[in-house]
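S.K.:
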Amino acid sequence: MSVTVLLADDHGVMREGLGRLIGALDDIELVGTAADGGEAVERARELTPDVVVMDLDMPVLDGIEATRRVRVESPRTAVLVLTAFSDRRRILAALEAGACGYLLKDASSTEVADGIRAAARGESPLDPRAARTVLTARTERDPLDALSPRERDVLALLVQGLPNKLIARRLEITEKTVKSHLTRVFREIGVTDRTQAALWAERRGFPGDGGH
671 MSVTVLLADD HGVMREGLGR LIGALDDIEL VGTAADGGEA VERARELTPD
721 VVVMDLDMPV LDGIEATRRV RVESPRTAVL VLTAFSDRRR ILAALEAGAC
771 GYLLKDASST EVADGIRAAA RGESPLDPRA ARTVLTARTE RDPLDALSPR
821 ERDVLALLVQ GLPNKLIARR LEITEKTVKS HLTRVFREIG VTDRTQAALW
871 AERRGFPGDG GH
C-alpha cells in the first residue's frame, strides 16, 4: 500500500521537482500540493495524507504554524519539514509544533524518499545538523522552561509555603488539579516532594510571588 503525500512549498520549481521524484517511486503517491501554509492545512484536512512534506518559509501561514494546525486537525498525518533553514530556532520550533522530522533541501532524493517512508512509519527522520541541535537543546534545557505558566504559578505558591488547599483557592482550581500540576513539576525538575521542590526553586532564584 502506497504512502500518500501532500507537498507544501511556495516554489513551483520545488513542487514540480519533488513531484517528479515522488511520482517515480512505487511505494509513495503524491495526492496533492499546496503553495502556502493556509492551503496546506486545508488540503491536509481534505486529503488526510499519511505525510505532509512541509516547507517553512511560506506566505499566508508559515510552515511552523501550518504544522501545528495540521497536527491538531489531522492527528494521523505526520509532518516532515523540508526546508533550506538549519538554524536552531526554526528546528526547535518546528519539532515543538509537532513535526516528526526535519530535513534540509540539500538532502539527496534518496534521503528525502527515505525520510517520507520513515515519517509514515512513525519515526523521526532528522538531518544530522537538526539532530545535533535537538541533542544540544536537551542538554541545555532549563527545567523551568518545560513548565506551563500555571505550573510555574503552583510552584511559586509552594515556595511561599502554601498547602495544596490554599494554592487551589488562590488559583481558583481544584486540589486534584494542584496535585496533578505538582506531580508534573516534580518530574520535570527532578525532585520527589514539596520540600525538595521548594529548595530547588530557591536555589534557582525562582520568584515566590505566585508567578505574577
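Residue numbers (the numbering used here): 671 to 882.
A virtual CB, placed ideally from N, CA and C, is assigned to each residue, including glycine.
Note that the coordinates shown come from a computational prediction; the quantities given were computed from them, not determined experimentally.
State the Cα-Cα distance for the pair Asp725 and Asp679, rounded to the nearest angstrom.
M.R.: As a working note, residue 725 is residue 55 in the sequence shown. As a working note, residue 679 is residue 9 in the sequence shown. A direct Cα-to-Cα measurement between Asp725 and Asp679 gives close to 5 Å.
S.K.: Nearest-angstrom Cα distance between Ser756 and Lys846?
M.R.: Numbered from its first residue, the sequence shown carries residue 756 at position 86. Numbered from its first residue, the sequence shown carries residue 846 at position 176. Going by the C-alpha atoms only, they are around 43 Å apart.
S.K.: Specify the secondary structure class of Glu699 as computed by DSSP and reduced to three states.
M.R.: In the sequence shown, counting from the first residue as 1, residue 699 sits at position 29. Here Glu699 sits in strand by DSSP.
S.K.: Do you know whose CA, among Val673, Arg822, Leu700, lies nearest Arg685's CA?
M.R.: On the sequence shown, residue 685 is found 15 positions in, with the first residue counted as 1. Of the residues Val673, Arg822, Leu700, the one whose Cα lies closest to the Cα of Arg685 is Leu700.
S.K.: Sorted by chain position, which residues of the same chain lie with C-beta nearer than 6 Å to Ala769's C-beta, five sequence neighbours on each side aside?
M.R.: To locate residue 769, count along the sequence shown from 1; it is residue 99. So the list reads Thr737, Val749, Val751, once near-sequence residues are dropped.
S.K.: Pop quiz: Ala790 and Val721 are said to be a contact at Cβ under 8 Å. What is the actual Cβ separation, rounded to whole angstroms?
M.R.: Here residue 790 refers to the residue found at position 120 when the sequence shown is read from its first residue. Here residue 721 refers to the residue found at position 51 when the sequence shown is read from its first residue. The beta-carbon distance between Ala790 and Val721, rounded to whole angstroms, is 5 Å. This is short enough to meet the 8 Å contact definition.
S.K.: Quick check on Ala736: does DSSP put it in helix, strand or coil?
M.R.: Here residue 736 is taken as the residue at index 66 of the sequence shown, counted from 1. Here DSSP, grouped into helix, strand and coil, assigns Ala736 to helix.
S.K.: Just how far apart, CA to CA, sit Gly707 and Glu735?
M.R.: Reading the sequence shown from its first residue, position 37 is the one you call residue 707. Reading the sequence shown from its first residue, position 65 is the one you call residue 735. Cα to Cα, the separation comes out at about 8 Å.
S.K.: DSSP state of Ile786, grouped into three classes?
M.R.: Numbered from 1 along the sequence shown, position 116 holds the residue referred to as residue 786. Three-state result, Ile786: helix.
S.K.: Check Gly771 in the structure and name its three-state DSSP category.
M.R.: The residue you call residue 771 lines up with position 101 of the sequence shown. DSSP places Gly771 in strand when its eight states are reduced to three.
S.K.: Quick one, which of Ala871, Gly860, Ile786 has its alpha-carbon nearest Val824's?
M.R.: As a position in the sequence shown, residue 824 is number 154, starting the count at 1. The option with the nearest alpha carbon to Val824 is Ala871.
S.K.: Check whether the Cβ atoms of Gly771 and Pro795 sit closer than 7 Å, and answer yes or no.
M.R.: Numbered from 1 along the sequence shown, position 101 holds the residue referred to as residue 771. Numbered from 1 along the sequence shown, position 125 holds the residue referred to as residue 795. Cβ distance < 7 Å, so Gly771 and Pro795 count as in contact.
S.K.: Who are the near neighbours of Gly816 in its chain, counting only those whose CB is closer than 6 Å to its CB and skipping five residues on each side?
M.R.: Here residue 816 refers to the residue found at position 146 when the sequence shown is read from its first residue. Contrary to the premise, residue 816 reads as Ala rather than Gly in this sequence. So the qualifying residues of the chain are Glu858.
S.K.: I'd like the span of the alpha helix (DSSP H) that includes Met684, first residue to last.
M.R.: Counted from its first residue, the sequence shown places residue 684 at position 14. Element bounds for Met684: 682-693.
S.K.: Could you please give me the residues that DSSP links to Ala678 through a beta bridge?
M.R.: The residue labelled residue 678 in the question sits at position 8 within the sequence shown. Bridge partners of Ala678: Ala704, Met724.
S.K.: Whole angstroms are fine: how far does the CA of Glu821 sit from the CA of Gly785?
M.R.: Numbered from 1 along the sequence shown, position 115 holds the residue referred to as residue 785. Numbered from 1 along the sequence shown, position 151 holds the residue referred to as residue 821. C-alpha separation (whole angstroms): 36 Å.
S.K.: Using a threshold of 7 Å, state whether the C-beta atoms of Leu717 and Gly693 are closer than that.
M.R.: As a working note, residue 717 is residue 47 in the sequence shown. As a working note, residue 693 is residue 23 in the sequence shown. Cβ atoms of Leu717 and Gly693: not closer than 7 Å.
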